[in-house]
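Q:
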């Protein structure tokens, strides 16, 4: 047979056999579920093991190995013995490509599935060795490398290693061994191509290893439909400043390069092209009913001004994060900080990803404010000031949240001072409150007026602080709803000043995570808490989208939050100093 024809034929045979989705079929038969809907969404051994268990995992492993072994061994016996290595290589490559890009799913669904082809590649190497085309060292030594990386750590720490790291290192070991063993060039070329392919398919795993969020061998990834005692949801964050870009370890190596003026534009261009990624997992939250919570933090490195300046790109990144959240098993994604305003405050994102609940967290944030206002007025009384005789300012009164605070304060304070940036809008809003409540309302665009007030609420969307010591008189109480914070840390130096974080919730349990989200130890923003409650109750019809927030939903989240153990944080000190060089740099999230 012509060599070219043999190459094509064996490539097709290998691809056809490799396309058999063993893991998918095994799990479908054993549990009646689609493995692609759970865990990492891969159909291979590791995901089947994590989601379903050891038995189905081992069957999947054996099947995937055979997918590479059978066509390669056949080609080695038929053509390898005749001194024709290329059909053998074609069979091996075809099997690996078939596993990664299965014709089975493309024929049924017009899309390929997810696969990394590690076990199938191992099978191909075994087939070559059985056919006497490569030395057995090319199989045994990479296997030893894989086993050492996965099981070696258990001997010292009692914890297994990482399958992804083991797979990458084992794949790299193959061409090194074959080169030293003097293997024929076609097989050496195959080993280089296969190692490159495996490494490429594991690129995101590699970055998760750097960030410390890659699961170890044997660790079960929460599966909402299977693990009824675990609540899973996603939450989207972004860096506040350029320095925060170094927070994930995958980007930390570029910090030194950014000091050079000619490099900074290149890094800025890179940031705009980076798709959303999983940055952390918030754990340790245990609801009052005993369920545990896993919050996957997803992020794209757009700065606040970039999100505002490039709305189309911001929506695109939020949509990509939503789909990534789905791949991690989440049924709801919360939009934090400036992500909460993209696409008409989440409406466009929800339209493009209709099978995932999207929330901007506005309802529970409003509920937190509703709960906090009586507390702030009580604090005034504790300081000897009757609220009905007090001057109370709302900075950011032009906005929806700020105006909502004004309406709740109306009738409970002596003078309401509405501070904003647009005099005409302020006056119209003030007149509405005067007519309805018959109270004294002032408007101002100069923050200096805050120095005349006893209690100040802030709710701006400014990326920088707006209130400084010169704007605050001694013994003032401030309720800071802005994230990033509206109140500069130096305000705490003013005598007797109390700063209360707005919309900050303390969930039940011990919150843990690698990122410092700057809400204080054990605290989370109300918008994240709303996301958790939606996931916990499967209350997907109560998401907050757009400008309007239903009063019914506000009351619902306040009530359910209390029932499940969530509490308002009543006092907080902003961090004054940046974290140490070895610490994780802050990433801000907010309602």
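In the numbering used here, the protein residues as written are 1 to 591. The beta-carbon is built from N, C-alpha and C at its ideal position, and this holds for glycine as well.
Put residue 525 into one of helix, strand or coil per three-state DSSP.
A: Residue numbering aside, residue 525 sits at position 525 when the chain shown is read from its first letter. Looking at residue 525 - three-state DSSP - the assignment turns out to be strand.
Q: Sorted by chain position, which residues of the same chain lie with C-beta nearer than 6 Å to residue 402's C-beta, five sequence neighbours on each side aside?
A: For the purposes of this step, residue 402 is taken as the residue at position 402 of the chain shown. These residues qualify, in order along the chain: 394, 396, 459.
Q: Locate the beta strand (DSSP E) running through residue 510, then write down its first and last residues.
A: Within the chain shown, residue 510 is the residue found at index 510, counting from 1. Start and end: 509 to 512.
Q: Span of the beta strand (DSSP E) holding residue 64?
A: Translated into the one-based positions of the chain shown, residue 64 becomes position 64. No beta strand (DSSP E) contains residue 64, which is instead part of the alpha helix (DSSP H) from 54 to 78.
Q: Residues in its own chain within less than 6 Å of residue 410 by CB, not counting five upstream and five downstream?
A: In the chain shown, the residue the question calls residue 410 occupies position 410. So the qualifying residues of the chain are 433, 437, 439.
Q: In its own chain, which residues sit with a C-beta less than 8 Å from the C-beta of residue 111, not counting the 5 before and 5 after it?
A: Here residue 111 refers to the residue found at position 111 when the chain shown is read from its first residue. Hits under 8 Å: 105.
Q: With DSSP collapsed to three states, give me the class of residue 537.
A: Residue 537 sits at position 537 when you count from the first residue of the chain shown. Residue 537 falls in the helix class under three-state DSSP.
Q: Does the distance from the CB of residue 16 to the CB of residue 91 come in under 8 Å?
A: Residue mapping note: residue 16 aligns to position 16 of the chain shown, counting from 1. Residue mapping note: residue 91 aligns to position 91 of the chain shown, counting from 1. For residue 16 and residue 91, no; Cβs fall outside 8 Å.
Q: If contacts are defined as beta-carbon pairs under 8 Å, then residue 115 and residue 103 qualify, I think. What distance do you get, rounded to the angstrom?
A: Position 115 of the chain shown, counting from 1, holds the residue named residue 115. Position 103 of the chain shown, counting from 1, holds the residue named residue 103. In fact, because the Cβ distance is near 12 Å, the residues do not count as touching under 8 Å.
Q: Please give the ranges of any alpha helix (DSSP H) in the stretch 304 to 352, keeping only runs that are unbroken, at least 4 residues long and fully inside the region.
A: 304 to 309, 311 to 327, 342 to 352
Q: Can you tell me where the beta strand (DSSP E) holding residue 233 begins and where it ends?
A: Looking up residue 233 in the chain shown gives position 233. Unbroken beta strand (DSSP E) run through residue 233: 230 to 237.
Q: By DSSP, does residue 545 sit in helix, in strand, or in coil?
A: Here residue 545 is taken as the residue at index 545 of the chain shown, counted from 1. Residue 545 falls in the coil class under three-state DSSP.
Q: Classify residue 68: buried if its beta carbon has 16 or more other beta carbons within 10 angstroms, exposed otherwise.
A: As a working mapping, residue 68 is identified with position 68 in the chain shown. By the 10 Å Cβ count, residue 68 comes out buried.
Q: Our contact map puts residue 659 next to residue 538 with C-beta atoms below 8 Å; I'd like the distance itself, whole angstroms only.
A: The structure shown does not extend to residue 659, since the chain is modelled only from 1 to 591, so the question has no answer here.
Q: Tell me whether residue 530 is buried or exposed, calling it buried when 16 or more other Cβ atoms sit within 10 Å of its Cβ.
A: As a first step, residue 530 is located in the chain shown; it is residue number 530 there, counting from the start. Buried.
Q: Along the chain, where does the alpha helix (DSSP H) that runs through residue 366 open and close?
A: Translated into positions along the chain shown, residue 366 becomes position 366. From DSSP, the alpha helix (DSSP H) with residue 366 extends over 362 to 382.
Q: Can you determine whether any heavy atom of the ligand COA sits closer than 7 Å to the C-beta of residue 486, and answer yes or no?
A: With respect to the ligand COA, the structure offers nothing, as it holds no ligand at all.
Q: Let me know the secondary structure DSSP gives residue 213 once reduced to three states.
A: Numbered from 1 along the chain shown, position 213 holds the residue referred to as residue 213. Residue state for residue 213 is assigned as coil, using DSSP reduced to three classes.
Q: Mind checking residue 480: buried by the 16 CB within 10 Å criterion, or exposed?
A: Position 480 of the chain shown, counted from the first residue, corresponds to residue 480. Buried is the call here.
Q: As a quick exercise: from 278, 136, 263, 173, pick the residue whose alpha carbon is nearest that of residue 203.
A: Taking the first residue of the chain shown as position 1, residue 203 is located at position 203. Ranking 278, 136, 263, 173 by Cα distance to residue 203 puts 278 first.
Q: Look up residue 506 in the DSSP assignment and give the residues it is bridged to.
A: By 1-based counting over the chain shown, the position of residue 506 is 506. DSSP, once it has assigned bridges, lists 567 as partnering residue 506.
Q: Which value, in whole angstroms, describes the spacing of the CA atoms of residue 578 and residue 260?
A: Here residue 578 refers to the residue found at position 578 of the chain shown. Here residue 260 refers to the residue found at position 260 of the chain shown. Confidence in residue 578 is poor, its pLDDT being 36 and thus under 50, which makes the residue's placement too unreliable to answer from.
Q: Tell whether a beta-carbon distance below 8 Å holds between residue 122 and residue 128.
A: Mapped onto the chain shown, residue 122 falls at position 122. Mapped onto the chain shown, residue 128 falls at position 128. For residue 122 and residue 128, no; Cβs fall outside 8 Å.
Q: Could you tell me the alpha carbon to alpha carbon distance between residue 463 and residue 37, rounded to whole angstroms?
A: Translated into the one-based positions of the chain shown, residue 463 becomes position 463. Translated into the one-based positions of the chain shown, residue 37 becomes position 37. Answer to the nearest angstrom: the Cα atoms are 38 Å apart.
Q: Excluding the 5 residues flanking residue 263 on each side, which residues of the same chain have their C-beta closer than 6 Å to its C-beta?
A: Indexing the chain shown from 1 puts residue 263 at position 263. Excluding residues within five positions, the ones whose Cβ falls inside 6 Å are 257.
Q: Pair every Cβ in the stretch 151 to 161 with every Cβ in the stretch 173 to 181, then say whether three or more of these pairs are closer than 8 Å.
A: no
Q: Which stretch, first to last residue, makes up the alpha helix (DSSP H) that contains residue 122?
A: On the chain shown, position 122 is the one that residue 122 refers to. Looking at the DSSP string, the run of the alpha helix (DSSP H) that includes residue 122 is 118 to 130.
Q: Between residue 79 and the rest of its own chain, which residues show a CB-CB distance below 7 Å, the 5 nearest in sequence each way excluded?
A: Reading the chain shown from its first residue, position 79 is the one you call residue 79. Counting only Cβ-Cβ distances below 7 Å, and skipping sequence neighbours, we find 6, 87, 88.
Q: Is the stretch 348 to 358 touching the stretch 422 to 430, taking contact as three or more C-beta pairs under 8 Å?
A: Cβ pair count under 8 Å is below three, so no.
Q: Using only the alpha-carbon positions, how far apart do residue 235 and residue 328 sit?
A: Counting from 1 along the chain shown, the entry for residue 235 is found at position 235. Counting from 1 along the chain shown, the entry for residue 328 is found at position 328. Cα-Cα distance, rounded: 12 Å.
Q: By the three-class DSSP mapping on this structure, what secondary structure does residue 46 have?
A: Here the question's residue 46 lines up with position 46 in the chain shown. Looking at residue 46 - three-state DSSP - the assignment turns out to be helix.
Q: First and last residue of the beta strand (DSSP E) that includes residue 424?
A: Counted from its first residue, the chain shown places residue 424 at position 424. Careful: residue 424 lies outside any beta strand (DSSP E), inside the alpha helix (DSSP H) at 423 to 437.
Q: Pairs of beta-carbons, one from the stretch 376 to 388 and one from the stretch 470 to 479, closer than 8 Å: are there three or more?
A: yes
Q: In whole angstroms, give me the CA-to-CA distance for residue 59 and residue 358.
A: On the chain shown, residue 59 is found 59 positions in, with the first residue counted as 1. On the chain shown, residue 358 is found 358 positions in, with the first residue counted as 1. Answer to the nearest angstrom: the Cα atoms are 38 Å apart.
Q: If I follow the unbroken beta strand (DSSP E) through residue 99, where does it start and stop?
A: Along the chain shown, read from residue 1 onward, the residue named residue 99 stands at position 99. Looking at the DSSP string, residue 99 is not in any beta strand (DSSP E); the run it does join, the alpha helix (DSSP H), is 85 to 100.
Q: Thinking C-alpha only, which one of 143, 4, 322 is nearest residue 65?
A: Stepping through the chain shown from its first residue, residue 65 is reached at position 65. Minimum Cα distance to residue 65 is reached at 143.
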